[in-house]
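S.K.: Mind having a look at this structure? Questions to follow.
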Amino acid sequence: MPESNWFRRQGEDLFVKVYLVPRAQKNLITGVRENELLVRIQSPPVDGKANAALCAFLAKQCGTAKSRVEVVRGKTSRHKTVLISGAKWLPRGVVT
7 MPESNWFRRQ GEDLFVKVYL VPRAQKNLIT GVRENELLVR IQSPPVDGKA NAALCAFLAK
67 QCGTAKSRVE VVRGKTSRHK TVLISGAKWL PRGVVT
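Take the sequence shown: its letters are residues 7 to 102, numbered as in this note's numbering.
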């Protein structure tokens, strides 16, 4: 799988740079913008709800359990780095 500026593979782990837009109408990936995966999530950015929804959404998109996805950088920012352990594929709908 080719490397890109918005993700990096390290063994079984996939690190993804994400720009998160909370309070969206629906959960979806809208593409890559400025070396970050642009993800829209319905949940508000209150008490970690948007981060939890982001992890669950990316887990489903990458074919892994949501317990294997975590925000490792940017927990209170829109700019995040997400670790996805055991990802079977890149998030669906994204062209590298």
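Cβ coordinates follow ideal geometry from the N, Cα and C atoms, glycine included. The model shown is predicted, which means the values in this text are computed figures rather than measured ones.
Answer yes or no: do A65 and V75 have a C-beta to C-beta separation smaller than 7 Å?
M.R.: Yes. Within cutoff.
S.K.: Nearest-angstrom Cα distance between T70 and V77?
M.R.: Those two C-alpha atoms are separated by around 15 Å.
S.K.: Could you give the residue range of the alpha helix (DSSP H) that holds L26?
M.R.: From DSSP, L26 is part of no alpha helix (DSSP H) but of the beta strand (DSSP E) over 19 to 27.
S.K.: What did DSSP end up calling Q48 once you bin it into helix, strand or coil?
M.R.: Coil.
S.K.: For F13, list the residues DSSP reports as bridge partners.
M.R.: Note: F13 sits in a beta bridge opposite V22.
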